[in-house]
Amino acid sequence: MKKLLKPMKNKIPQIFFIFIFLSIQVYCDLTLPQYTAEIVNVGIQNTNFQFIIDIGIMMLLMVAISALATVAVSYFSSRVASGYAKDLRKIIYEKVLKFSNHELNHISRSSLITRSTNDVNQLQSVLGMIFMTLIFAPLLGIGSIIKVFELQTNLSWIILVNFIAVVLLLIIVIIKVLPYFKITQEIIDRINKTTREILIGIPVIKAFVRQDYEADKFQKVNQEFYDVNIYVFKTLLIMLPLMTLIMNLMVVLILYYGAYDALSGGLLTGDIIAFIQYSTQIVTSFLMIGAFMIILPRILVSGRRVSEVLNTEITITDGDLKEISSNSTIEFKNVSYRYPGSEKETLKDINFTLKPGKTTAIIGGTGSGKSTILNLIPRLQDPSSGEILIDGKNIKNFNLKTLRDKISFTPQKAILFQGDVKSNMKIGKSDASDEDIEKALELAQVDFVEDLAEEVTQGGSNFSGGQKQRLSIARAIIGTHDFYLFDDCFSALDMNTERRIKENLKNLKDSSILIVSQRISTIMDADEILVIDNGEIVDRGNHNKLIESCEIYREIVNIQIDSMEALS
Amino acid sequence: MSPRPLKRKPPEKPVDNRKAIKNILGLLKDHKIRLILTVICAVISTVFTIVAPLLIGEATTTIFNGINNIIHHTGSIDLDTLFHLLTIVVILYVISSIFSYLQSFLLVKVSTKISYDLRERMIDKILHLPMDKVEENKRGDILSRVTNDVDSLQNGITQSFIQLTTAVITLIGVFIMMLTINVWMTLATVILVPIAFLLIRAMTRYSQKYFLKQLVFKGSLNAQIEETFTGHDIIRAFNQEEISMEKFESDNENWFGHEWKSQFYSSLNGPLMNFISNFTYVVVAVMGAAFVLQRAIAVGDILAFFQYTQSFNRPIQQITRVMSQIQTAMAASERIFEFLEYEDEENPSEKSITEIKEGIEFENVSFGYVPNEKIIKNLSFNVEKGQKIAIIGETGAGKTTIVKLLMRFYDIDSGSIKIDGADIEEYDKNSIRSLIGMVLQDSWLFSDTISNNIRYGNLDAGDSEVIDAARQVYADNFIRQSSDGYASVLNEDTDNISHGQKQLLTIARTILSKKEILILDEATSSVDTRTEKLIQKAMDKLMEGKTSFIIAHRLSTIRNADRIIVIENGEIIEQGTHEELLALKGYYYNTLNAQLKENL
Numbered sequence: 015m016k017k018l019l020k021p022m023k024n025k026i027p028q029i030f031f032i033f034i035f036l037s038i039q040v041y042c043d044l045t046l047p048q049y050t051a052e053i054v055n056v057g058i059q060n061t062n063f064q065f066i067i068d069i070g071i072m073m074l075l076m077v078a079i080s081a082l083a084t085v086a087v088s089y090f091s092s093r094v095a096s097g098y099a100k101d102l103r104k105i106i107y108e109k110v111l112k113f114s115n116h117e118l119n120h121i122s123r124s125s126l127i128t129r130s131t132n133d134v135n136q137l138q139s140v141l142g143m144i145f146m147t148l149i150f151a152p153l154l155g156i157g158s159i160i161k162v163f164e165l166q167t168n169l170s171w172i173i174l175v176n177f178i179a180v181v182l183l184l185i186i187v188i189i190k191v192l193p194y195f196k197i198t199q200e201i202i203d204r205i206n207k208t209t210r211e212i213l214i215g216i217p218v219i220k221a222f223v224r225q226d227y228e229a230d231k232f233q234k235v236n237q238e239f240y241d242v243n244i245y246v247f248k249t250l251l252i253m254l255p256l257m258t259l260i261m262n263l264m265v266v267l268i269l270y271y272g273a274y275d276a277l278s279g280g281l282l283t284g285d286i287i288a289f290i291q292y293s294t295q296i297v298t299s300f301l302m303i304g305a306f307m308i309i310l311p312r313i314l315v316s317g318r319r320v321s322e323v324l325n326t327e328i329t330i331t332d333g334d335l336k337e338i339s340s341n342s343t344i345e346f347k348n349v350s351y352r353y354p355g356s357e358k359e360t361l362k363d364i365n366f367t368l369k370p371g372k373t374t375a376i377i378g379g380t381g382s383g384k385s386t387i388l389n390l391i392p393r394l395q396d397p398s399s400g401e402i403l404i405d406g407k408n409i410k411n412f413n414l415k416t417l418r419d420k421i422s423f424t425p426q427k428a429i430l431f432q433g434d435v436k437s438n439m440k441i442g443k444s445d446a447s448d449e450d451i452e453k454a455l456e457l458a459q460v461d462f463v464e465d466l467a468e469e470v471t472q473g474g475s476n477f478s479g480g481q482k483q484r485l486s487i488a489r490a491i492i493g494t495h496d497f498y499l500f501d502d503c504f505s506a507l508d509m510n511t512e513r514r515i516k517e518n519l520k521n522l523k524d525s526s527i528l529i530v531s532q533r534i535s536t537i538m539d540a541d542e543i544l545v546i547d548n549g550e551i552v553d554r555g556n557h558n559k560l561i562e563s564c565e566i567y568r569e570i571v572n573i574q575i576d577s578m579e580a581l582s
Numbered sequence: 021m022s023p024r025p026l027k028r029k030p031p032e033k034p035v036d037n038r039k040a041i042k043n044i045l046g047l048l049k050d051h052k053i054r055l056i057l058t059v060i061c062a063v064i065s066t067v068f069t070i071v072a073p074l075l076i077g078e079a080t081t082t083i084f085n086g087i088n089n090i091i092h093h094t095g096s097i098d099l100d101t102l103f104h105l106l107t108i109v110v111i112l113y114v115i116s117s118i119f120s121y122l123q124s125f126l127l128v129k130v131s132t133k134i135s136y137d138l139r140e141r142m143i144d145k146i147l148h149l150p151m152d153k154v155e156e157n158k159r160g161d162i163l164s165r166v167t168n169d170v171d172s173l174q175n176g177i178t179q180s181f182i183q184l185t186t187a188v189i190t191l192i193g194v195f196i197m198m199l200t201i202n203v204w205m206t207l208a209t210v211i212l213v214p215i216a217f218l219l220i221r222a223m224t225r226y227s228q229k230y231f232l233k234q235l236v237f238k239g240s241l242n243a244q245i246e247e248t249f250t251g252h253d254i255i256r257a258f259n260q261e262e263i264s265m266e267k268f269e270s271d272n273e274n275w276f277g278h279e280w281k282s283q284f285y286s287s288l289n290g291p292l293m294n295f296i297s298n299f300t301y302v303v304v305a306v307m308g309a310a311f312v313l314q315r316a317i318a319v320g321d322i323l324a325f326f327q328y329t330q331s332f333n334r335p336i337q338q339i340t341r342v343m344s345q346i347q348t349a350m351a352a353s354e355r356i357f358e359f360l361e362y363e364d365e366e367n368p369s370e371k372s373i374t375e376i377k378e379g380i381e382f383e384n385v386s387f388g389y390v391p392n393e394k395i396i397k398n399l400s401f402n403v404e405k406g407q408k409i410a411i412i413g414e415t416g417a418g419k420t421t422i423v424k425l426l427m428r429f430y431d432i433d434s435g436s437i438k439i440d441g442a443d444i445e446e447y448d449k450n451s452i453r454s455l456i457g458m459v460l461q462d463s464w465l466f467s468d469t470i471s472n473n474i475r476y477g478n479l480d481a482g483d484s485e486v487i488d489a490a491r492q493v494y495a496d497n498f499i500r501q502s503s504d505g506y507a508s509v510l511n512e513d514t515d516n517i518s519h520g521q522k523q524l525l526t527i528a529r530t531i532l533s534k535k536e537i538l539i540l541d542e543a544t545s546s547v548d549t550r551t552e553k554l555i556q557k558a559m560d561k562l563m564e565g566k567t568s569f570i571i572a573h574r575l576s577t578i579r580n581a582d583r584i585i586v587i588e589n590g591e592i593i594e595q596g597t598h599e600e601l602l603a604l605k606g607y608y609y610n611t612l613n614a615q616l617k618e619n620l
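Dropping the structure here:
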């Protein structure tokens with residue numbers, strides 16, 4: 015949680031102002047009952063009209079100062095809360111940019127998005143409340159207590175009794191209801207889940223004519239939700255009337271015992287009136303803190319979610335070497351990878367070399383670890399053991415930027431960014447001219463873009479899967495790199511387009527190419543094909559050699575001949 | 021896939037208030053008695069609360085007079101009267117809180133029941149809507165209607181009803197009580213109310229301007245976060261971190277610049293209300309004192325008046341707050357009712373079909389999801405009972421649509437589909453569906469136990485039948501290997517078993533359902549070789565002796581089919597057996613050849 019407070023640091027002066035202005039507000043507000051007491055005790059008792067007017071003017075002055083102070087408080091707390099959210103977002107964003115795949119998968123991308131948007135908003139909205147409860151309420155409470163003592167009555171015990179009654183009530187309700195909040199949340203989740211399941215399963219539900227069955231299933235969850243809700247509210251709703259009752263009874267007690275005090279000459283009517291008002295303030299301020307305690311767990315949830323992101327340790331460290339020779343090679347030496355917490359190794363003892371001018375291909379079933387190999391090269395994640403060498407030195411020794419500049423990477427899932435075609439291409443080469451871009455588009459068989467200023471919507475959703483793949487290939491080949499990594503990025507293309515793109519890739523002949531695919535046709539003319547099964551290289555060689563020697567390879571070939579994929 | 025955060029859409033169109041109110045009132049109608057009771061309780065509770073301060077004022081006056089008497093040595097505080105008054109006050113307060121509790125509890129019962137019923141109705145609606153209304157892109161929207169909108173409607177009803185009734189009663193009651201004390205003081209207090217009201221409204225409007233502005237920046241910042249985190253690999257691999265950070269910072273600063281102002285102006289309501297209530301306090305204190313001097317009111321009345329002005333300001337704050345809640349509730353109710361008013365899937369016939377004797381016939385069938393865009397054009401073919409039909413063609417050719425038409429998920433535009441010579445539109449849709457088993461690539465399972473998932477095919481099946489079905493599709497092995505065997509629970513995204521295993525389970529489910537007609541969509545990819553073989557064998561088992569439609573990708577399936585239909589752009593371009601089609605030397609022959617060459 016400590017990291018959450020960091021963005022608060024440069025806001026301490028502003029928070030100090032909030033404190034000052036709140037103190038002014040509380041001070042002014044609290045003088046009012048005292049003045050009233052004076053009006054009653056002195057003005058009325060002595061029928062002194064001028065005194066009443068004087069006091070009235072003093073009161074108006076206090077009201078005006080208090081009003082200005084509250085505006086100032088609003089100003090500073092808005093700035094602090096919004097600024098806090100802004101800084102927190104920035105810290106999160108900065109941190110997440112440094113994440114490796116491992117950290118990304120640990121928290122999950124969609125959750126990271128929610129954490130940096132919704133959860134931060136949640137924390138921000140809570141911040142205002144914190145100022146009110148943690149600064150204002152204690153100020154109000156303490157101020158009122160001081161005022162009460164100034165009145166010098168024997169009635170303070172009534173406040174204490176009330177205080178205890180309120181605390182007891184709060185505790186009882188919290189104990190009775192709190193566990194049910196969790197249950198309610200679980201049931202809400204179940205309702206959402208059931209609804210979603212039904213929505214997704216509609217074809218199957220209709221096919222099996224299970225409408226009534228599903229309706230019954232939902233009805234059960236719904237009923238449970240209803241029952242819990244009624245129970246929770248039954249208890250929770252007691253709180254407000256009882257609190258009001260306790261407050262009102264306090265007033266009655268003060269009047270009754272105040273009268274006895276007055277009898278013995280210790281107390282005047284105005285004092286009683288003031289006392290009533292101060293004691294109400296004390297209980298109110300306590301209630302504010304109590305209410306805060308109740309919602310505190312909910313705030314903590316968001317806080318915990320955000321600080322989990324901030325506390326995540328970054329596993330990828332940067333190196334200092336900034337020189338990589340051209341025409342370098344990359345060598346995998348006994349590389350293994352194991353997901354943290356997993357018993358099975360995703361990659362086991364991988365050895366191979368990428369050489370300039372050579373095309374290496376990887377083939378294997380889903381989950382065989384192909385993509386992981388590719389991710390290790392630009393250090394999107396690091397191997398758990400073994401070394402990857404470039405120029406004979408471990409890639410960890412190199413500056414990340416230098417290393418990644420040498421590499422062009424095309425992931426399996428084609429991802430484009432909001433903007434236009436041009437801005438997306440410039441990701442591949444920041445100083446690309448229009449000619450460069452057009453050439454790259456042509457090589458990647460992008461024949462559907464008429465204008466480089468054509469809009470790309472968020473995630474590239476205005477392009478089809480095949481179009482996105484072609485654009486992302488264009489982005490990959492626009493710049494000049496020593497290593498080109500293609501991760502199964504031809505899968506949505508038809509055979510003809512793929513063949514033409516592959517033909518064009520021959521332009522990259524001085525560089526090393528690494529292609530991952532499930533399709534035989536994509537990889538069959540590679541210089542070396544690595545057959546991966548269960549994270550291990552089971553065989554290697556060119557197509558003709560593997561057809562002879564490798565059973566798994568033969569099996570894949572046979573299945574693909576037996577499939578009509580060309581049709582689909 | 022984990023659920024993406026639901027984006028709350030701002031209401032695109034202004035809410036039709038009259039209709040929304042009518043709908044909400046329609047919901048309340050069934051709970052008339054409870055609601056009337058609620059109002060009665062509210063009246064009793066509020067009236068008692070309102071009367072009490074008057075008595076407290078009287079008690080204070082008694083003390084004041086007593087103190088005066090003591091000072092002037094003319095007597096003492098009348099403790100009997102005081103005790104008497106305070107006892108009545110205590111009784112009033114106790115009764116008031118009891119009724120206040122009753123009132124809110126009754127209301128919660130009503131609103132919970134209403135949302136319970138609404139959810140029930142909406143699920144029922146989902147289950148009976150025509151397919152095109154529940155397509156994938158509409159799921160998120162429907163889900164948010166069932167959850168968020170029902171929730172805000174419930175809150176709206178509870179909150180607005182409780183607060184509005186009490187607020188109104190309190191306002192009227194307090195106003196009367198204040199009048200009984202003093203007309204001028206009442207006027208002075210009351211005159212501030214509309215002023216406060218107007219100020220708050222102006223303020224809200226002013227802050228709204230900033231609110232809308234910051235919303236735009238918020239949207240673009242959130243979009244950027246979403247995009248960066250999804251495309252993280254690219255950002256890193258292409259060294260885009262700094263550029264991304266720069267863009268983020270400028271968006272972040274922009275949002276902040278507008279956001280804090282929006283926050284500030286909207287939070288000014290607080291200071292404003294505080295000022296009004298303080299100001300009223302001073303007015304009451306000074307005017308009250310002046311009137312006491314003139315003997316127009318008693319000292320205790322000032323105290324009573326303090327309490328009244330307090331309970332006068334609160335309802336006004338409540339009403340402004342409730343108004344925005346009511347707006348939300350009305351928008352929610354509009355979305356809910358719009359959904360509930362969708363037409364159910366038509367199913368006019370009750371005639372049921374229980375078996376197939378001769379065969380199925382497609383006769384000049386045409387169909388399009390959107391008018392004028394035919395996906396299926398003039399399609400005709402026959403299937404005899406027990407035959408296997410392979411449907412092949414490129415993605416988007418209309419293969420899946422053909423089988424969906426047979427399932428009557430959609431109604432055809434022209435032509436007819438006949439079973440044993442009778443048009444399937446003459447039958448109850450459910451009876452047609454009961455006849456057909458469907459195994460799709462996109463295998464949908466519940467987050468329930470494995471055995472319950474298989475049993476979905478036949479709810480009456482015993483454990484042994486379930487196990488038998490699993491065994492037939494070679495799923496028994498992996499099921500027994502998983503942690504709890506048949507009782508293993510699939511998680512919400514059903515990703516704790518592999519895609520291939522899921523398909524095996526859906527096949528087992530269909531085997532258990534013992535349907536006469538089968539629709540199968542063969543797996544294309546993303547399943548490992550071994551499982552793929554198992555699925556193949558399981559499908560073959562499933563098809564034994566059944567009339568089957570197979571959307572086929574595999575040469576062996578196609579070769580073994582009794583007939584092959586080649587679809588292109590919604591039309592049959594070739595049909596016949598494997599040998600016939602090869603002899604035709606047309607599309608089928610050419611593609612097959614090209615494919616074989618490509619691979620060898």
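First to last, the sequence lines map onto chains S and C.
The first sequence lines up with residues 15 to 582 when you count with our numbering.
The second sequence lines up with residues 21 to 620 when you count with our numbering.
Where is the CB? At the ideal position from N, CA and C, for every residue including glycine.
Quantities reported herein were computed from a predicted structural model and do not represent experimental measurements.
Quick check for students: name the residue ranges of the beta strand (DSSP E) that lie wholly in the stretch 261-287 of chain C, counting only runs of 3 or more.
none
8 Å Cβ cutoff, Q28/S in contact with chain C:
Taking the first sequence and counting its residues from 1, the one referred to as residue 28/S is at position 14. By this cut-off, Q28/S is not an interface position.
May I have the straight-line CA-CA distance separating G596/C from L403/S, to the nearest angstrom?
On the second sequence, position 576 is the one that residue 596/C refers to. On the first sequence, position 389 is the one that residue 403/S refers to. Approximately 58 Å between the Cα atoms of the pair.
Which chain S residues sit within Cβ distance under 8 Å of N333/C?
Counting from 1 along the second sequence, the entry for residue 333/C is found at position 313. Going along chain S, no residue has its Cβ under 8 Å from N333/C, so there is no contact; the nearest lies around 14 Å.
Could you tell me whether any Cβ in chain C is nearer than 8 Å to the Cβ of S92/S?
Taking the first residue of the first sequence as position 1, residue 92/S is located at position 78. Yes, S92/S counts as interfacial toward chain C.
Return the bridge partner residues of Q595/C from the DSSP annotation.
For this step, residue 595/C is matched to residue 575 along the second sequence. In the DSSP output, where bridge partners are listed per residue, Q595/C has I585/C.
Same chain, Cβ closer than 6 Å to M302/S, five either side skipped, listed in chain order:
In the first sequence, the residue the question calls residue 302/S occupies position 288. Counting only Cβ-Cβ distances below 6 Å, and skipping sequence neighbours, we find T147, A151.
Would DSSP call T326/S helix, strand or coil?
For the purposes of this step, residue 326/S is identified with residue 312 of the first sequence, where counting begins at 1. It is coil, neither helix nor strand.
Contact criterion: CB-CB distance below 8 Å. Does R24/C meet it with respect to chain S?
Here residue 24/C refers to the residue found at position 4 when the second sequence is read from its first residue. Confidence at R24/C is low in this model, with a pLDDT of 33, below 50, so the placement of that residue should be treated as unreliable; the coordinate-derived value is given next. Yes, R24/C lies at the interface with chain S (some Cβ there is under 8 Å from its Cβ).
When you check each C-beta in the stretch 453-475 of chain C against every C-beta of chain S, which residues fall closer than 8 Å?
R453, S454, I456, G457, M458, L460, W464, F466, S467
On a CA-only basis, which of E246/C, V509/C, F276/C, I439/C is nearest I376/C? Give me that one, please.
Walking along the second sequence from the start, residue 376/C turns up at place 356. Minimum Cα distance to I376/C is reached at I439/C.
Chain-ordered residues of the stretch 222-233 of chain S with a beta carbon less than 8 Å from chain C
F222, V223, R224, Q225, Y227, E228, A229, F232, Q233
Contacting positions in the stretch 45-58 of chain S - beta carbon closer than 8 Å to chain C
L46, Y49, T50, I53, V54, G57, I58
Separation of S80/S from Y292/S, as counted between CA atoms
For this step, residue 292/S is matched to residue 278 along the first sequence. For this step, residue 80/S is matched to residue 66 along the first sequence. Taking the straight line from one Cα to the other gives about 17 Å.
With a cut-off of 8 Å on the beta carbons, I'd call M151/C and Y430/C a contact; round off their distance for me.
Walking along the second sequence from the start, residue 151/C turns up at place 131. Walking along the second sequence from the start, residue 430/C turns up at place 410. At roughly 6 Å, the Cβ-Cβ gap stays under 8 Å, so M151/C and Y430/C are in contact.
Whole runs of the alpha helix (DSSP H) within the stretch 507-581 of chain S, excluding any shorter than 4 residues:
509-519, 534-537, 557-563, 565-575
For S227/C and L267/S, the rounded distance between their alpha carbons:
Position 253 of the first sequence, counted from the start, is the residue given in the question as residue 267/S. Position 207 of the second sequence, counted from the start, is the residue given in the question as residue 227/C. Each residue's alpha carbon lies about 45 Å from the other.
Span of the alpha helix (DSSP H) around F258/C:
Position 238 of the second sequence, counted from the start, is the residue given in the question as residue 258/C. No alpha helix (DSSP H) contains F258/C, which DSSP labels as neither H nor E.
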